[in-house]
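Peer 1: Taken in order, these protein sequences are the chains called A and B.
Sequential numbering of the first sequence, starting at 2, is according to our numbering.
Sequential numbering of the second sequence, starting at 2, is according to our numbering.
Built from N, CA and C at the ideal position, the CB exists for glycine as well.
Computed from a predicted structure; not experimentally measured.
There are 2 protein chains.
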Amino acid sequence: MPALERALDVIDLLASRDRDLPFSEIMHALNIPKPSLARILGLLTERGLVTKTDERGLYKLGMQLLYLGGRIESKLRLRSVARPHMEELALTTGKTIELSTLDRDQLILIDQIEGNEGVRLFTRIGSAYPYFHAIGAGKIYLAHMERNKRKEVLRKIGLPMVTKHTIANVEQLERELSDIVAKGFAFEDQELREGVRRAVAPIYDSHGKLAGCIGIASPIFSFTYEDKDDLAQVVKGAARKISADMGAATQNNG
Amino acid sequence: MPALERALDVIDLLASRDRDLPFSEIMHALNIPKPSLARILGLLTERGLVTKTDERGLYKLGMQLLYLGGRIESKLRLRSVARPHMEELALTTGKTIELSTLDRDQLILIDQIEGNEGVRLFTRIGSAYPYFHAIGAGKIYLAHMERNKRKEVLRKIGLPMVTKHTIANVEQLERELSDIVAKGFAFEDQELREGVRRAVAPIYDSHGKLAGCIGIASPIFSFTYEDKDDLAQVVKGAARKISADMGAATQNNG
DNA sequence: CCAGGAGGTCTCATATAGGATACTTAAAAT
DNA sequence: ATTTTAAGTATCCTATATGAGACCTCCTGG
Numbered sequence: 002m003p004a005l006e007r008a009l010d011v012i013d014l015l016a017s018r019d020r021d022l023p024f025s026e027i028m029h030a031l032n033i034p035k036p037s038l039a040r041i042l043g044l045l046t047e048r049g050l051v052t053k054t055d056e057r058g059l060y061k062l063g064m065q066l067l068y069l070g071g072r073i074e075s076k077l078r079l080r081s082v083a084r085p086h087m088e089e090l091a092l093t094t095g096k097t098i099e100l101s102t103l104d105r106d107q108l109i110l111i112d113q114i115e116g117n118e119g120v121r122l123f124t125r126i127g128s129a130y131p132y133f134h135a136i137g138a139g140k141i142y143l144a145h146m147e148r149n150k151r152k153e154v155l156r157k158i159g160l161p162m163v164t165k166h167t168i169a170n171v172e173q174l175e176r177e178l179s180d181i182v183a184k185g186f187a188f189e190d191q192e193l194r195e196g197v198r199r200a201v202a203p204i205y206d207s208h209g210k211l212a213g214c215i216g217i218a219s220p221i222f223s224f225t226y227e228d229k230d231d232l233a234q235v236v237k238g239a240a241r242k243i244s245a246d247m248g249a250a251t252q253n254n255g
Numbered sequence: 002m003p004a005l006e007r008a009l010d011v012i013d014l015l016a017s018r019d020r021d022l023p024f025s026e027i028m029h030a031l032n033i034p035k036p037s038l039a040r041i042l043g044l045l046t047e048r049g050l051v052t053k054t055d056e057r058g059l060y061k062l063g064m065q066l067l068y069l070g071g072r073i074e075s076k077l078r079l080r081s082v083a084r085p086h087m088e089e090l091a092l093t094t095g096k097t098i099e100l101s102t103l104d105r106d107q108l109i110l111i112d113q114i115e116g117n118e119g120v121r122l123f124t125r126i127g128s129a130y131p132y133f134h135a136i137g138a139g140k141i142y143l144a145h146m147e148r149n150k151r152k153e154v155l156r157k158i159g160l161p162m163v164t165k166h167t168i169a170n171v172e173q174l175e176r177e178l179s180d181i182v183a184k185g186f187a188f189e190d191q192e193l194r195e196g197v198r199r200a201v202a203p204i205y206d207s208h209g210k211l212a213g214c215i216g217i218a219s220p221i222f223s224f225t226y227e228d229k230d231d232l233a234q235v236v237k238g239a240a241r242k243i244s245a246d247m248g249a250a251t252q253n254n255g
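Structural data, given as structure tokens:
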């Protein structure tokens with residue numbers, strides 16, 4: 002089904018660029034013959050997935066995608082439930098607040114409030130992180146897996162070094178995961194990105210299952226190692242409130 | 002290109018239902034032969050636009066759409082700029098706050114904070130309103146058009162009665178539009194929906210062009226005719242702040 | 001334990017979507 | 001004013017995506 006595949010490629014291409022693209026550039030980038038591309042862009046435009054700007058052949062993503070994105074109800078309950086708590090956290094800490102969840106075995110950022118530190122952490126809503134072992138939320142998910150599943154996952158992705166602080170051996174990781182279970186939060190110390198720390202806490206749903214993670218992210222100059230436990234208490238508090246709002250049985254684990 | 006067209010139909014179908022759909026239901030609803038649908042769903046699933054739930058053949062929209070939705074940068078600057086001001090409005094008024102803009106000659110709701118009145122106004126982010134003359138934001142857009150363009154638009158859509166309060170004749174509408182220009186806000190009195198009032202103000206960008214509208218919506222029992230001017234001042238204040246943040250020259254028009 | 005129903009795959013003849021080429025239009029550029 | 005570049009349309013032959021039907025496999029209910 003070349004038409005469909007190409008259409009999805011076009012959409013991905015438009016999503017990957019930060020500017021609108023002219024017909025010819027799409028054509029060359031994806032190696033699609035002109036008449037075919039014309040048909041595809043015509044249909045996508047008609048359906049609102051793509052918009053033509055300037056009436057002179059520049060294309061960009063269309064508003065229909067905003068609508069479709071808004072209609073993903075499943076994980077969006079978590080999102081809407083968490084929103085007010087995230088805002089409170091953002092207000093009290095001034096830091097970047099992130100909400101993530103698992104979807105199709107991928108860790109997805111589903112909401113974010115940028116802190117006032119002027120440091121952009123350039124993760125994008127909807128983007129997936131591949132490195133579970135290098136991310137607070139990923140470590141939390143790993144910590145909640147049964148041992149076998151975890152081993153399988155780790156075997157598949159390995160433990161690539163993302164920064165020089167990334168945990169690189171299984172024993173150390175296992176120790177850290179136990180620690181996470183015991184303390185009820187994860188600490189990420191420049192393991193995904195040099196100069197950025199995170200404190201992350203798990204959110205549970207009404208079945209007691211891990212529904213997602215909320216995290217505070219900040220550059221190291223305003224998130225020192227000493228701040229760790231304070232901020233951890235703060236995120237844990239927020240996570241507990243969100244879990245409660247999700248209908249989780251109130252349980253005291255730290 | 003049946004594959005593409007059908008794929009888009011599948012996505013729209015999944016978006017239109019509030020539950021996950023089984024293979025067979027999609028098949029019958031859209032009249033797609035089994036192998037074709039299998040191919041389409043396979044590809045859409047692979048690309049993350051659709052997700053299979055429960056491992057037992059239920060389909061729903063996938064997270065990739067969240068990502069794509071988040072990548073619509075064009076109008077999203079307005080959205081992120083407006084967010085904090087919307088939140089402040091929501092906090093001080095307790096009412097539903099709406100942000101809308103024009104895209105492809107359609108009025109689109111691009112952000113929304115629900116009020117605590119328990120009354121759902123059931124408009125969805127990303128959805129388009131067809132009736133310019135029956136909506137605060139639509140009237141503002143009409144008021145900003147040059148006379149000829151406005152006539153053309155009105156000729157195309159007519160003035161259908163949406164509720165018994167909808168403005169139904171051109172003279173009355175023109176009078177109201179002049180009023181909007183003079184006062185710097187629009188009042189919508191159950192013209193789109195029985196029992197709902199709105200106060201809406203225009204937001205301008207750095208070129209002085211109309212960038213969007215911010216509105217306060219509320220059921221009539223907590224938004225009486227007498228509240229009108231107070232709430233108008235409040236939205237206008239917010240709109241002014243957002244315009245300023247958008248880089249508009251600070252101008253005092255009311 | 002068997003039957004029924006659903007999701008999903010395979011095969012292959014054939015209708016049809018695709019692409020090479022040529023043409024039209026229109027805006028820039030010389 | 002003429003040329004060039006790019007978007008988009010039209011045509012039509014052919015490579016290929018499609019769909020009927022058969023088949024597989026798993027679950028569920030009798």
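#1: Which one or two residues does DSSP pair with E99 of chain B in a beta bridge?
#2: According to DSSP, is T167 of chain B helix, strand or coil?
#3: Answer with yes or no whether the minimum CB distance from M146 of chain B to chain A is below 8 Å.
#4: For the candidate residues A:R7, A:L193, A:M162 and A:G137, whose alpha-carbon lies nearest to that of V182 of chain A?
#5: Please identify the residue among A:E47, A:D21 and A:I12 whose C-alpha is closest to the C-alpha of L31 of chain A.
#6: Can you tell me the Cα-Cα spacing of Q234 of chain B and R84 of chain A, whole angstroms?
#7: Could you tell me the distance, in whole angstroms, from the CA atom of G255 of chain A to the CA atom of I73 of chain B?
#8: Answer with yes or no whether the minimum CB distance from M247 of chain B to chain A is below 8 Å.
#9: How big is the Cα-Cα spacing for K53 of chain A and L38 of chain B?
#10: Along chain A, in chain order, which residues have C-beta atoms closer than 8 Å to that of E88 of chain B?
#11: Could you tell me which residues DSSP pairs with Y205 of chain A in its beta bridges?
#12: Pull out every residue of the segment 126 to 141 of chain A whose Cβ sits closer than 7 Å to any Cβ of chain B, in chain order.
#13: Put A200 of chain B into one of helix, strand or coil per three-state DSSP.
#14: Between the Cα of R186 of chain A and those of A:K210, A:Q173, A:K237 and A:P161, spot the shortest distance and give me the residue it belongs to.
#15: According to DSSP, is D190 of chain B helix, strand or coil?
#16: Determine, using beta carbons only, whether G116 of chain B comes closer than 8 Å to chain A.
#17: Helix or strand or just coil, what does DSSP make of D106 of chain A?
#18: When burial is assigned at 16 or more other CB atoms within 10 Å of the CB, is H86 of chain B buried or exposed?
#19: Do you know offhand how far T97 of chain A's Cα is from A169 of chain A's?
#20: For chain A, check one thing: does any of its Cβ atoms lie closer than 8 Å to the Cβ of I73 of chain B?
Peer 2: Concretely, from the data shown:
#1: B:Q113 and B:G216
#2: coil
#3: no
#4: A:G137
#5: A:I12
#6: 28 Å
#7: Residue placement at G255 of chain A is poorly supported in this model, since its pLDDT is 39, which falls under 50; the coordinates still yield a value, given next. Cα to Cα, the separation comes out at about 41 Å.
#8: no
#9: 30 Å
#10: E88
#11: A:L211
#12: I126, G127 and S128
#13: strand
#14: For clarity, residue 186 of chain A is Phe in the given sequence; the question names Arg instead. The option with the nearest alpha carbon to F186 of chain A is A:K237.
#15: strand
#16: no
#17: coil
#18: buried
#19: 27 Å
#20: yes
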